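I have placed the structure first, in the form of structure tokens, so that the comments after it can refer back to it.
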Amino acid sequence: MSDPAFAWSVELPARGARSSVFRASLSISSTDHGDERLRVPVAVGRALERLSQEASGPACRAELLYRLGELSRQCAHARMEDLVGRRDYSARELTERLLRDGYSGSVVDQIVSRAREVGIVDDARYGAAFARSKVLAGWGSVKIERELARRGVEASEIPGWPEEFLAPDDERARASALASRRRLTGKNDYQKLVRFLCGRGFALGLATSVARETLSGAEPPQLQ
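UniProt numbering numbers the first residue of the sequence shown as 1 and each following residue consecutively.
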């Protein structure tokens, strides 16, 4: 049965507004639920605007909400494809990005779960690529593992970590190379080198050993 009081409209944010902050607004009026106002992602708002121009649009609140759910899933899926088409994402990163765009938790869970099922999102693959790039950038294992965890990836999920990524001799050589380039002043050099190496993600034991080795072979600073 149609509702004579049923009406709805959508309002988009001003052009140029940041979509991660401003949402589209869906206004609904009906006999049973009165006036309602829902905030939806901008992409969903645009899809609703197109729907409002169709002659066979929703005839009641229930139908509109059903169509809203369909459009939300379609837009979230399109957004996911756009994001992963630019770079790889971990499941947590993708989830956080879609939530930030304004999609509901249930829709995001569906999209991310399906992406993982079909291999579009793969935390092990993402983690391996991330680890390789950071090894090349001079990061140590501790920092790499910490940053992976922040992105929702456990290092233990990566096949071959850390043996196939960081040979002990290679990691020590990289730490030594970094330490040798630090300017020594003769004041708290040991503590400064240890803090520097730990900050780059090297384990404390390795950092202290390399700092001692570096200082044992360093020339004393020149007096001014």
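Idealized CB from N, CA, C, for every residue including glycine.
Bear in mind the structure is a predicted one, so any value in this text is a computation, not a measurement.
Per-residue DSSP class, three states only, for residue i
i: E36; result: strand
i: L166; result: coil
i: S133; result: helix
i: L98; result: helix
i: E70; result: helix
i: E54; result: coil
i: I28; result: strand
i: A124; result: helix
i: V10; result: strand
i: R23; result: coil
i: A211; result: helix
i: K187; result: coil
i: D88; result: coil
i: D3; result: coil
i: S156; result: helix
7 angstroms CB neighbourhood of residue i in its chain, flanking five on each side removed
i: E145; result: A155
i: F196; result: R182
i: W161; result: A131, A155
i: F165; result: A131, R132, V135
i: E157; result: D123, A124, G127
Whole-Å CB distance - residue i paired with residue j, under 8 angstroms assumed
i: V107; j: R61; result: Not a contact, Cβ separation roughly 19 angstroms.
i: residue 247; j: A124; result: Given that the chain is displayed from residue 1 to residue 224, the structure contains no residue 247 and the question cannot be resolved.
i: I28; j: L64; result: 7 angstroms
i: A179; j: V210; result: 5 angstroms
i: A203; j: V135; result: Rounded, the Cβ-Cβ distance is 15 angstroms, inconsistent with contact.
i: V40; j: L51; result: Incorrect: roughly 12 angstroms between the Cβ atoms, too far for contact.
i: M80; j: A115; result: 6 angstroms
Other residues of its chain near residue i: CB distance less than 8 angstroms, five sequence neighbours each side excluded
i: T31; result: D3, P4, A5, F6
i: Y89; result: L83, R97, V121, Y126
i: S113; result: none
i: L206; result: G140, E171, R172, A175, L197
CA-to-CA distance, residue j to residue i, given in whole angstroms
i: I120; j: V84; result: 8 angstroms
i: E70; j: L48; result: 11 angstroms
i: G57; j: A149; result: 46 angstroms
i: A137; j: E163; result: 18 angstroms
i: R46; j: G199; result: 46 angstroms
i: G34; j: E117; result: 41 angstroms
i: S216; j: E93; result: 44 angstroms
i: R86; j: R67; result: 29 angstroms
i: R37; j: A129; result: 43 angstroms
i: E147; j: S9; result: 44 angstroms
i: G201; j: A78; result: 37 angstroms
i: G105; j: Q53; result: 29 angstroms
i: K187; j: D169; result: 29 angstroms
i: K192; j: S133; result: 26 angstroms
i: T214; j: C75; result: 56 angstroms
i: A55; j: R151; result: 46 angstroms
i: E11; j: Y103; result: 17 angstroms
i: D189; j: A177; result: 16 angstroms
i: T185; j: R212; result: 15 angstroms
i: T95; j: A24; result: 20 angstroms
Spatial neighbours of residue i in its chain, beta-carbon cut-off 6 angstroms, leaving aside the 5 residues before and after
i: V153; result: S90, D123, G127
i: L223; result: In this predicted model, L223 has a pLDDT of only 33, less than 50, meaning its place in the structure is not dependable; the value taken from the coordinates is given anyway. Contacts found: none.
i: T208; result: V194
Chain B contact for residue i (CB, 8 angstroms cutoff)
i: R174; result: Note that chain B does not occur in the displayed structure, where there is just one protein chain.
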